[in-house]
Each structure stands twice: as structure tokens, then as C-alpha cells.
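Peer 1: The structure under discussion is supplied below as C-alpha cells; questions concerning it will follow.
Number of protein chains: 2
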Amino acid sequence: MTTPSRLQPQTGTAFYLNAGQTLRVIDLQGEQVADLTAFARADTTEWLSSGRSIDYANTIYLTKGHILYSNRSRPMFTITGDDVGRHDFLLTPCSRETFEIIYGNTAYHPSCFENLWQNLGEFGIAPDAIPTTLNIFMNVEVGRDGTLKILPPLSKAGDALTLRAEMDLIVGLTACSAEMSNNYSFKPIGYEID
Amino acid sequence: MTTPSRLQPQTGTAFYLNAGQTLRVIDLQGEQVADLTAFARADTTEWLSSGRSIDYANTIYLTKGHILYSNRSRPMFTITGDDVGRHDFLLTPCSRETFEIIYGNTAYHPSCFENLWQNLGEFGIAPDAIPTTLNIFMNVEVGRDGTLKILPPLSKAGDALTLRAEMDLIVGLTACSAEMSNNYSFKPIGYEID
Numbered sequence: 398m399t400t401p402s403r404l405q406p407q408t409g410t411a412f413y414l415n416a417g418q419t420l421r422v423i424d425l426q427g428e429q430v431a432d433l434t435a436f437a438r439a440d441t442t443e444w445l446s447s448g449r450s451i452d453y454a455n456t457i458y459l460t461k462g463h464i465l466y467s468n469r470s471r472p473m474f475t476i477t478g479d480d481v482g483r484h485d486f487l488l489t490p491c492s493r494e495t496f497e498i499i500y501g502n503t504a505y506h507p508s509c510f511e512n513l514w515q516n517l518g519e520f521g522i523a524p525d526a527i528p529t530t531l532n533i534f535m536n537v538e539v540g541r542d543g544t545l546k547i548l549p550p551l552s553k554a555g556d557a558l559t560l561r562a563e564m565d566l567i568v569g570l571t572a573c574s575a576e577m578s579n580n581y582s583f584k585p586i587g588y589e590i591d
Numbered sequence: 398m399t400t401p402s403r404l405q406p407q408t409g410t411a412f413y414l415n416a417g418q419t420l421r422v423i424d425l426q427g428e429q430v431a432d433l434t435a436f437a438r439a440d441t442t443e444w445l446s447s448g449r450s451i452d453y454a455n456t457i458y459l460t461k462g463h464i465l466y467s468n469r470s471r472p473m474f475t476i477t478g479d480d481v482g483r484h485d486f487l488l489t490p491c492s493r494e495t496f497e498i499i500y501g502n503t504a505y506h507p508s509c510f511e512n513l514w515q516n517l518g519e520f521g522i523a524p525d526a527i528p529t530t531l532n533i534f535m536n537v538e539v540g541r542d543g544t545l546k547i548l549p550p551l552s553k554a555g556d557a558l559t560l561r562a563e564m565d566l567i568v569g570l571t572a573c574s575a576e577m578s579n580n581y582s583f584k585p586i587g588y589e590i591d
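Chains as they are written, first to last, in the working numbering: chain V, 398 to 591; chain L, 398 to 591.
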């Protein structure tokens with residue numbers, strides 16, 4: 398068993414993942430969200446699509462056995478393991494504007510969006526190309542009237558989501574910077590590639 | 398009162414909409430879905446974002462008074478009128494692959510995706526740039542377990558959704574081609590620009 402790589406609180410990274418490799422995202426301490434997005438390495442105008450993935454799975458809660466699709470309806474990942482069963486694919490990565498519009502905070506605040514574009518930029522991905530992310534461990538409930546509740550994650554220390562790459566990918570991953578998503582405590586995220 | 402323009406069943410269009418102009422999308426016969434997307438005319442890498450709009454409205458059912466945001470968190474539209482109160486912003490426009498994956502249909506089938514990219518192509522928008530659309534009048538229910546139900550639209554003949562443009566836009570609009578979304582009967586969509 399290797400020691401997982403560690404994303405410090407409110408940081409992010411980007412890396413290559415080859416077809417057939419497995420990415421394991423681990424909530425090291427519990428109640429921490431990780432934002433994930435991906436682009437096809439062969440052509441970065443192919444990107445991970447929340448809409449196609451939700452449509453083809455016919456559920457907003459994607460879990461073990463579900464496929465995550467690109468905007469071209471091609472499989473990018475298969476979820477091969479899930480200790481939690483609650484991840485959000487509705488909301489965009491938190492950004493400076495998120496903190497301004499939702500939290501009324503106009504000062505600088507670290508954000509998943511900044512942590513994604515800064516790291517993905519090294520792979521030629523522009524900020525405008527970042528789509529709605531898979532918000533791993535994020536606990537969003539939808540009321541019958543459509544209203545969203547952002548609740549503390551259900552993940553406990555050591556819980557993981559495992560994804561197998563179905564094509565050669567460029568992946569962006571963060572330890573989320575938004576207070577509400579992480580039950581008001583910023584923690585690290587672990588990840589392993591096999 | 399002008400006569401609305403008419404989109405024939407399973408067709409689409411694209412057009413400019415100036416900041417301050419109003420677009421009224423009308424379900425002429427009832428139970429018909431229209432897919433809508435938009436790009437900033439000044440820079441088409443700015444696009445209508447389902448994730449940002451849902452996040453800032455804190456609901457999946459956007460209606461009168463809600464703002465539809467771009468990927469840059471800038472207002473693109475304000476919804477100024479809504480006779481129905483049920484529109485979907487979770488699912489992508491139906492495409493050839495939708496009919497293959499969900500309906501098991503491998504033959505040619507008209508689709509909102511094709512109708513969008515063919516019409517938006519004239520404005521320089523690539524197929525890969527088309528994001529999750531606002532599926533006007535589409536009646537998607539989310540169960541407590543996250544499962545989606547695609548139900549017949551609640552819209553009756555003459556019901557409309559009205560949107561004010563908050564910036565100069567390129568807009569794509571369709572009369573949806575998917576059986577299930579339209580209660581298994583393809584009908585026209587009307588639209589007016591004031």
C-alpha cells in the first residue's frame with residue numbers, strides 16, 4: 398500500500414491519467430469535498446460533462462458502476478468504488494464570485510476555480526473551458542420544490558471514491574475551499590494513482 | 398401584438414439578442430420542450446452555465462426573478478415572466494448518442510444538439526462548445542434517491558417563458574426532438590423578440 402499524495406487544504410493539482418489507470422480520491426480526515434474535472438488528452442475540447450453523465454445514468458447521485466461521459470458522449474471514467482454514495486454534479490467549482498454572490502465576501506478567498514485553472518493552465522486548459530465539476534463527497538440535497546441544501550459531507554476519515562480512466566486524460570483535482578461544502582473546516586484530500 | 402416566429406417540430410435556430418431585449422419562448426400547442434443556450438457576442442468563450450445559475454439561485458427550478466449566469470459569473474439573462482414554473486437545467490440537449498444510449502435507437506434521429514450546432518455554427522460556435530442547455534418547459538422530477546423522472550411538460554397551449562438579455566448575446570433555440578421530453582408528440586415552438 399503506497400502512501401497517498403496529499404493536497405493541502407484549499408489547494409489543487411493537475412496530472413495525466415492514462416486509460417486503464419485508477420484514481421482513488423480519499424477524504425483523509427472526513428467531511429471534506431474534492432472537485433474533479435477532466436479533459437481528453439488527445440483533444441482538450443472534449444471535456445467531462447455533468448449533463449451527459451446525469452442524463453445517461455438517470456440520477457444526480459452517481460456512484461459505483463456509473464460511467465462519467467464527455468461532451469461527445471464518450472466514457473471518460475467508470476466509478477469502480479464508492480464508500481460514500483453522495484457526490485454532487487450540479488454545482489460549479491467555487492470561485493471568487495461564489496464567495497461574493499453567496500457569502501457576501503468581496504475580499505480575496507482561495508477557490509476551487511482558481512486552483513483548477515492555475516494547475517490546468519500548465520496543460521493548456523483555459524479558465525473559460527472549466528465545466529461543472531464532479532464535487533466528490535459534497536452532500537447536496539434537492540427538495541421537492543427544487544431548493545438545494547448544502548449539508549455536511551457524509552464521508553468519514555479514509556472514505557474514498559475510485560475512478561477508472563476510460564481514455565487518456567488530463568485531470569484537475571482540488572481540496573475544496575468553500576466553507577459550507579466542508580462543514581466550515583478546511584482539510585486535506587488524498588489521492589492515489591494505480 | 399406581433400405573430401410569434403415559429404420553429405417547426407424537431408428544428409432549431411440561432412440569432413442575436415441585444416442587451417435589454419426580451420425573448421419570449423411560447424409553447425404554442427402545449428407539452429413541448431425548447432432547448433436554449435447562449436454565448437456572449439463579445440467573446441464566445443463566455444457561455445451560459447447551468448452550474449453557476451443553479452448555484453447562485455440555490456434551486457434547480459429557475460423561474461421568474463432568477464438570473465441565468467455565464468461561466469464567468471456574469472448575468473446573461475433575467476427571467477422576467479414564467480407561466481409554467483418548471484424547466485430543467487440538469488440535462489444536455491438530446492443528441493444522436495442520447496437516442497442510442499437511452500432509447501437503443503442506432504438509426505438517424507433529429508436532435509437538439511444537431512439543431513443547435515448547425516445553427517450556431519453560422520455564428521462561429523463549435524459543437525464541442527455547447528454546454529448543458531436550459532430545457533424550457535421540460536418536466537424533470539428528482540426523487541429523494543436522486544433518480545430522475547422525465548414527465549410530460551406542465552405547459553399548456555400559449556404558456557411562455559420570458560427572458561431579458563443582460564448582455565449582447567448569440568442565442569440558440571430548438572423545438573425539442575426527444576420523444577420522452579415532449580410526451581411522445583413533436584410540436585412547434587414559438588418565439589418573439591421585443
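Heads up, the beta-carbon is just placed ideally off N, CA and C, and yes, glycines get one too. Since we're looking at a predicted model, the values are computed, not measured.
Name, in chain order, the residues that DSSP records as bridge partners for L/A411.
Peer 2: L/G569
Peer 1: What does L/T489 touch in chain V if you count any residue whose Cβ is under 7 Å from its own?
Peer 2: S446, G448, R449 and D452
Peer 1: Could one say the Cβ of V/S508 lies closer than 8 Å to chain L's Cβ atoms, at least one of them?
Peer 2: no
Peer 1: Along chain V, in chain order, which residues have C-beta atoms closer than 7 Å to that of L/G501?
Peer 2: Within chain V, no residue comes near L/G501; the closest Cβ sits about 13 Å away, beyond 7 Å.
Peer 1: For V/V539 and chain L, any beta-carbon pair shorter than 8 Å?
Peer 2: yes
Peer 1: Name the chain V residues whose beta carbon is nearer than 9 Å to that of L/E494?
Peer 2: R449, Y453, Y466, R469, S470 and R471
Peer 1: Any beta carbon of chain L sitting closer than 8 Å to that of V/L517?
Peer 2: Closer than 8 Å: no.
Peer 1: With a threshold of 7 Å on Cβ separation, who are the neighbours of V/M535 within its own chain once the five nearest residues in sequence on each side are excluded?
Peer 2: Result list for V/M535: V430, H484, D485, P550 and S578, in chain order.
Peer 1: Which same chain residues, not among the five before or five after V/S492, have their C-beta less than 6 Å away from its C-beta?
Peer 2: S508 and F510
Peer 1: I'd like the list of long-range same chain contacts for L/D480, defined as Cβ closer than 6 Å, with 5 residues on each side in sequence excluded.
Peer 2: D556 and A557
Peer 1: Following the continuous alpha helix (DSSP H) through L/D452, name the residue where it begins and the one where it ends.
Peer 2: S447 to A454
Peer 1: Round the Cβ separation of L/F436 and L/L560 to the nearest angstrom and send it over; I've been treating them as touching at under 8 Å.
Peer 2: In fact, because the Cβ distance is near 15 Å, the residues do not count as touching under 8 Å.
Peer 1: Short of 6 Å in beta carbon distance, which residues of its chain neighbour L/I423, apart from the five on each side in sequence? Order them along the chain.
Peer 2: Spatial neighbours of L/I423 in its own chain (CB-CB distance under 6 Å, excluding positions within 5 residues in sequence) are listed in chain order as P401, A557 and G587.
Peer 1: Taking the straight line between their C-alpha atoms, what separation do you get for V/T434 and L/T399?
Peer 2: 45 Å
Peer 1: Name, please, each residue of chain L whose Cβ falls closer than 7 Å to the Cβ of V/T596.
Peer 2: This structure does not reach residue 596 of chain V, given that chain V is present from 398 up to 591, and the question cannot be answered.
Peer 1: CA-CA distance, L/L517 and L/R438?
Peer 2: 12 Å
Peer 1: Compute the distance between the beta-carbons of L/E428 and L/S574, then report whether it is under 8 Å.
Peer 2: Contact flag unset, no.
Peer 1: Do V/T571 and V/G409 have their beta-carbon atoms positioned less than 8 Å apart in this structure?
Peer 2: yes
Peer 1: Can you name the residues of chain V whose CB is closer than 8 Å to the CB of L/E443?
Peer 2: D525
Peer 1: Just to confirm before moving on: does the CB-CB distance between V/T529 and L/L545 stay below 8 Å?
Peer 2: no
Peer 1: Considering only DSSP beta bridges, list what V/G417 is partnered with.
Peer 2: In DSSP, V/G417 forms no bridge with anything.
Peer 1: Using 10 angstroms around the beta-carbon of V/N502, count the other beta-carbons present and answer buried if the total reaches 16, otherwise exposed.
Peer 2: exposed
Peer 1: Per DSSP, what kind of secondary structure is V/T441 in: helix, strand or coil?
Peer 2: V/T441 falls in the coil class under three-state DSSP.
Peer 1: Flag this pair as yes or no: are the beta carbons of V/P472 and V/E563 separated by less than 8 Å?
Peer 2: Yes, Cβ-Cβ distance for V/P472 and V/E563 is below 8 Å.
Peer 1: Within its chain, find whatever has a CB closer than 7 Å to the CB of V/L414; leave out the 5 residues flanking it on each side and keep chain order.
Peer 2: Correct list, in chain order: L420, A562, L566, V568 and I590.
Peer 1: Since L/T529 meets chain V, which of its residues come closer than 8 Å, beta carbon to beta carbon?
Peer 2: S446, S447, G448 and T529
Peer 1: Mind checking which residues open and close the beta strand (DSSP E) that includes V/F496?
Peer 2: No beta strand (DSSP E) contains V/F496, which is instead part of the alpha helix (DSSP H) from R493 to I498.
Peer 1: Can you have a look at V/G478 and say buried or exposed, based on whether 16 or more other CB atoms are within 10 angstroms of its CB?
Peer 2: exposed
Peer 1: Going by DSSP, which residues form a beta bridge with V/T434?
Peer 2: The partner list for V/T434 (beta bridge, DSSP) reads V/G569.
Peer 1: I want to verify the contact list: residues of chain V whose CB lies under 7 Å from the CB of L/I567, in sequence order.
Peer 2: Near L/I567 there are no residues of chain V at all, since even the closest Cβ is about 15 Å away, more than 7 Å.
Peer 1: Looking only at its chain, what residues have a beta carbon closer than 8 Å to the beta carbon of L/P585, apart from the 5 residues adjacent to it on each side?
Peer 2: In its chain, beyond the 5 residues on either side, R403, L404, Q405, P406, L425, Q426, Q429 and A572 have a beta carbon closer than 8 Å to the beta carbon of L/P585.
Peer 1: Under 8 Å between C-beta atoms, does L/I522 make it to chain V?
Peer 2: no
Peer 1: Quick check: L/D452 and V/L488, are their CB atoms within less than 8 Å of each other?
Peer 2: V/L488 is positioned such that its CB atom lies closer than 8 Å to that of L/D452.
Peer 1: What residue from L/Q418, L/L548 and L/A554 has the CA that sits closest to L/N532's CA?
Peer 2: L/L548
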